[in-house]
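Chains as they are written, first to last, in this note's numbering: chain A, 1 to 694; chain B, 695 to 1169.
Structure below.
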């Protein structure tokens, strides 16, 4: 039995490794085997959740550093593993048809399975180090998959060509977008790595449960860090990783451009893997940090930061979604915004007396978001494919041709808006009421405002795409009798099933939410009992008012969007000015980053290199430099006056030699020796006057 | 001693076998293989350290001999294709073996005089190897620069040895350690000067900033396989010498001279990584990345021991040795890959690497693995040695250990940017010409062996960590 939990993440990895082998045999075998491995992983995940007792399934890994490798089976990991594995499987099924005509499929299947395997490893790992392996693997795979269309054909770009903010082009090629995702998340990763390292240095272990049990003892890692004044900084650095991976402010800019990848990849990144990794990590370490910080009365700085960053990101991205032109970009902004909600829920958990309320709300939101966002992306993928454009203003009226797709998208969209009885309604409301009950009224107001914006931009997207008349772009093919049609079943079933699941989970929510929350609370079994709290808040008058408030906000947003985009024909605005421009250019954050960081870093490192490695010479030995110039000009005169045309070949041989000599005598070697000498002198000074004087 | 006998014999054979190109090369290869096998066998079955004059043949010697012979084996195999058609093949292999012998002598010496002999035996053949393409001005220029700086370093080492002798009255490292323990403050300054001179002298080979300046030029100008030898072999031998001299000889001086290494380590890592980002040529990029890697090993010299209340564990030192092993494998592989590209395309521009994923799939894949290993991406081999070095720094008795570790971590993260940049170029950028380029077996076999080692060590590091811990203990 002990090996079964290991299979969950090793199966997709094995699938990835076998993909090139199967590709040799037959391309169909390769495709179906890849899907098969992800199905197997999902099946084992479900079996493990129900049939394998919880616990830490460890094996010895590097005894010298007392490192164990292990798979942790507990409610949190099982909850997430099942979401990840099953949604990934549906996306893989969808890919069978969606990617059919594309090139580089062996690479595609390889990285998809590798991606899923690494994500499952990340979730199942019982210690921070293994988690980090998965974390890095996920980053690497996302880089490869976002850049899948590395030929950078214009139709795979993201953004409007020719668009520029503050002189920074706002359209990105797939390979650029992949790089951007990688570099930007890497910033967070370094912070995370430092935090992991600090924790390991003080605790001597990477293992989650050991970290938790150590907290009860005297001289724990938390008290050591706290004594150094490093406990809150460590927690915040740790949060840096999730900020990067889950695209939270200030590292949110990579996600909208990650749309350059194939739509199935976007679905995987947004619904099942990558961005959920950050939320999971906060969910995993949040309780441990909470207990650690509670001992030293430092809870508010950390959880306050998490909640505020979440709320602000939710609002920021929702405003940007209201003006986006590409359908996938609306969905991308919406993911950033929704993840912000989850972070807000997890942050609020630490700020209130009832930890479990915010905590479980954040995780349940993760579940419902995974389902409806996967559905939205997969359906949007088909719409883009069928209409041949990624811009919404070139679509219009496609509902007639694809009824089922539009129904799926409307269902999932209603769930995103938070309209009852869809699942998104319940989970979003849970976060908002947890926020309200922890007396964080400003955060609550931001959340409520975001509800309105969410309903508005979702209705806008649905209206422009599905309602009204076909745009000019679509008219011509239609005249030729080339009507858009419904997707094939292999593609239709995954997103339709997810949309229906979103409805069903919403209708049944009152029945299962209590027991699911109780199940999730089981994660804290090994922790001291501070984290208890009433698991299912009863339906009080306050709750009913809160429900009414959020529903009416969503209704207002929906109505505004309906009037503006369903009832009237959509005209794409010509100019991006004023508020619209501000939102369109993402509050100019992206452009400023490029200017300051990319430009600045290039400038600084080029300068550093030039001054340290090259430039310094002319300053240190002006005499040498002058000699070189004299010598060069003298030899130049000599060459031109003495050597005449008749001995051309001699001259060219000679000048080759003199070139060589000049490089010798230009002082390069001398300079090296000078540096050498300076280095020795500096070291001697340090050694004798600073060390020796002690 | 069997090791040396075996090495010298084929070296002599080659001198005689000048007429037939193949004979010399195969004899050299056989010599290396025999020496490598017997080193490993002796390493596992050898009893207590053998003392013989200035030689001390212990686990440390076997470890470095193994690593150096592996590097020289890689270089030799890949040279079969690289030197094809060159009239100087026999001398080439002879010099390669002689230089390797020098490196091993260096790793086996317990006496400063013998150490110097080993140092020169290692260096002199490499000057000739760098200039072996007599008609190539770049090769000659590189050899010239290398020679000047290297001669300077030899002079400094001699000076440092004489200072040490003046202070302690001995050239035997263990005797030196004994007398330095009771040194008076008057003479201590001279010992400290000797340390600086040793750092500068060894630093030339170890690629320590600011004694690194010849490296990019030499690596670019020298035949690429020779660069592999310089980057991995000579550098590791430099570290072997430094480990012996500083850890055995000078560790007894009761002042915090270790911080010198910390400063130099930070400068080396940072300059290496920043400059690497700016390079337009692949070999120069490798050169700067190898400078950056030297910085990590220097951390091991700065914080070799972790001190708990009871024990003194050589965790950092073991990490350094482990990194030496990992680095040698990866860097040699990377240079061999560069050689594979160099024989077909102009390697000195990075444009040759555009779209290499399609043109030379095996080479591109292996370069990707090597780069990820250099960046310390788990689960490849570079990850664990870095973890050990950084942990050693954190647990060191010095207050600055933690800062050093953080600086190294940031550097390590930063380095991913230029490695990632090359990987992007190879796989995501479109080459104008995407025709396949043949990849000779001589190179690919070396690369695949190196990649296999990268994975084996990375996924199951336990036996290797046990090995380096006992090597560090034997010092």
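Using N, Cα and C, we set each Cβ at its ideal position, and we do this for glycine too.
- Query: Nearest to residue 986 of chain B by CA position, among B:1112, B:814, B:802 and B:893, is which residue?
  - Reply: Just measuring C-alpha positions, the residue of B:1112, B:814, B:802 and B:893 sitting nearest residue 986 of chain B is B:1112.
- Task: Taking only beta carbons into account, state which residues of the segment 182-213 of chain A come closer than 8 Å to chain B, listed in chain order.
- Result: If you check each beta-carbon in the segment 182-213 of chain A against every beta-carbon of chain B, the ones closer than 8 Å belong to 182, 183, 186, 189, 190, 193, 194, 197, 200 and 201.
- With 7 Å as the threshold, decide whether the Cβ of residue 669 of chain B is near any Cβ in chain A. Any question about residue 669 of chain B goes unanswered here, given that chain B covers just 695 to 1169.
- Message: Strictly under 7 Å for the Cβ-Cβ distance: is residue 105 of chain A near chain B by that measure?
- Response: Residue 105 of chain A does not count as touching chain B.
- Query: Of the residues B:1034, B:852, B:760 and B:992, which one's Cα is nearest the Cα of residue 1086 of chain B?
  - Reply: Closest option to residue 1086 of chain B, Cα to Cα, is B:992.
- Item | Distance between residue 1035 of chain B and residue 488 of chain A (C-alpha atoms, nearest Å) | Distance between the alpha carbons of residue 488 of chain A and residue 1035 of chain B is about 46 Å.
- Can you grab the Cα-Cα spacing for the pair residue 323 of chain A / residue 36 of chain A, in whole Å? The alpha-carbon atoms of residue 323 of chain A and residue 36 of chain A are separated by roughly 40 Å.
- For residue 454 of chain A, the nearest candidate out of A:273, A:234 and A:556 (CA to CA): Answer by Cα proximity: A:556.
- Where does residue 101 of chain A land, buried or exposed, given buried means 16+ other C-beta within 10 angstroms? Using a 10 angstroms sphere on the CB of residue 101 of chain A, the tally of other CB atoms stays under 16, which defines it as exposed.
- If you follow the alpha helix (DSSP H) that residue 57 of chain A is part of, which residue opens it and which one closes it? DSSP places residue 57 of chain A outside any alpha helix (DSSP H); the residue lies instead in the beta strand (DSSP E), whose first and last residues are 55-62.
- Query: Just how far apart, CA to CA, sit residue 1139 of chain B and residue 1056 of chain B?
  - Reply: Rounded to the nearest angstrom, the two C-alpha atoms are 10 Å apart.
- Per-residue DSSP class, three states only, for residue 846 of chain B: Assigned with DSSP and collapsed to three states, residue 846 of chain B falls in helix.
- Straight-line Cα distance separating residue 1109 of chain B from residue 146 of chain A: If you draw a straight line from the Cα of residue 146 of chain A to the Cα of residue 1109 of chain B, it is about 22 Å long.
- Message: On the CB-based measure, 16 or more other CB atoms within 10 Å of its CB, does residue 552 of chain A come out buried or exposed?
- Response: The residue in question, residue 552 of chain A, is exposed, as its Cβ has fewer than 16 Cβ neighbours within 10 Å.
- Query: Between the C-alpha atoms of residue 918 of chain B and residue 359 of chain A, what's the straight-line distance to the nearest angstrom?
  - Reply: One C-alpha to the other measures close to 58 Å.
- Query: What three-state label does DSSP hand residue 886 of chain B in the structure shown?
  - Reply: In this structure, residue 886 of chain B counts as helix in the three-state DSSP scheme.
- Item | Assigned secondary structure, residue 1111 of chain B (DSSP; H/G/I helix, E/B strand, else coil) | In the displayed model, residue 1111 of chain B falls within a helix according to three-state DSSP.
- Message: If the cut-off is 8 Å on Cβ atoms, which residues from the segment 1073-1106 of chain B count as contacting chain A, listed in chain order?
- Response: Result list: 1073, 1078, 1081, 1082, 1084, 1085, 1088, 1089, 1096, 1099, 1100, 1103 and 1104.
- Task: Determine the closest residue to residue 496 of chain A out of A:312, A:406 and A:231, with distance taken between C-alpha atoms.
- Result: Measuring C-alpha to C-alpha distances from residue 496 of chain A to each of A:312, A:406 and A:231 identifies A:406 as the nearest.
- Are the C-beta atoms of residue 172 of chain A and some chain B residue less than 7 Å apart? Not one beta carbon of chain B lies nearer than 7 Å to the beta carbon of residue 172 of chain A.
- If you draw a straight line from the C-alpha of residue 818 of chain B to the C-alpha of residue 832 of chain B, how long is it? One C-alpha to the other measures close to 19 Å.
- Item | Close beta carbons around residue 525 of chain A, own chain, < 6 Å, minus the five adjacent residues each side | Answer for residue 525 of chain A: no residue qualifies.
- Looking at residue 370 of chain A and residue 271 of chain A, is the spacing between their C-beta atoms short of 7 Å? Cβ atoms of residue 271 of chain A and residue 370 of chain A: closer than 7 Å.
- Message: Assuming residue 1018 of chain B is part of the beta strand (DSSP E), what are its boundary residues?
- Response: Per DSSP, residue 1018 of chain B lies in no beta strand (DSSP E) segment; the continuous alpha helix (DSSP H) that holds it begins and ends at 1009-1036.
- Query: Would you call the segment 70-77 of chain A and the segment 88-98 of chain A touching, i.e. three or more CB-CB distances under 8 Å?
  - Reply: Taking a contact to require three or more Cβ pairs closer than 8 Å, the segment 70-77 of chain A and the segment 88-98 of chain A do not qualify as touching.
- Message: For residue 1013 of chain B, which residues in the same chain have their Cβ closer than 6 Å to its Cβ, ignoring the five residues on either side in sequence?
- Response: Around residue 1013 of chain B: 994, 1079, 1082, 1083 and 1086.
- Message: Tell me the DSSP secondary structure of residue 1039 of chain B in three-state form.
- Response: Residue 1039 of chain B: coil per DSSP, three-state reduction.
- Task: On a CA-only basis, which of A:509, A:351, A:448 and A:296 is nearest residue 315 of chain A? Give me that one, please.
- Result: Of the candidates A:509, A:351, A:448 and A:296, the one whose C-alpha sits nearest the C-alpha of residue 315 of chain A is A:448.
- Task: List the residues that DSSP assigns as beta-bridge partners of residue 750 of chain B.
- Result: Its beta-bridge partners are B:745.
- Environment of residue 990 of chain B [buried if 16+ CB atoms lie within 10 Å]: Buried: at least 16 other Cβ atoms inside 10 Å.
- Identify whether residue 357 of chain A lies in helix, strand or coil by the three-state DSSP scheme. If DSSP states are grouped into helix, strand and coil, residue 357 of chain A belongs with the helices.
- Message: Can you list, in chain order, the residues of its chain with a C-beta nearer than 8 Å to that of residue 1044 of chain B? Leave out the 5 residues immediately preceding and following it.
- Response: 973, 974, 975, 976, 979, 1116 and 1119.
- If you pair each beta-carbon of the segment 1012-1032 of chain B with each one of the segment 919-937 of chain B, do three or more pairs fall below 8 Å? The answer is yes - the segment 919-937 of chain B touches the segment 1012-1032 of chain B, with three or more Cβ pairs under 8 Å.
- Message: Taking CB distances under 7 Å as the criterion, tell me whether residue 1045 of chain B reaches chain A.
- Response: No, because no Cβ of chain A sits closer than 7 Å to the Cβ of residue 1045 of chain B.
- Query: How long is the line joining the alpha carbons of residue 649 of chain A and residue 829 of chain B, rounded to whole angstroms?
  - Reply: Low confidence applies here, because residue 649 of chain A scores a pLDDT of 47, under 50, leaving its location unreliable; read the following figure in that light. Our two residues, residue 649 of chain A and residue 829 of chain B, have alpha carbons roughly 18 Å apart in a direct line.
- Message: Less than 6 Å separating the Cβ of residue 292 of chain A from some heavy atom of the ligand COA?
- Response: With respect to small molecules bound, the structure shown includes none, and the ligand COA cannot be examined in it.
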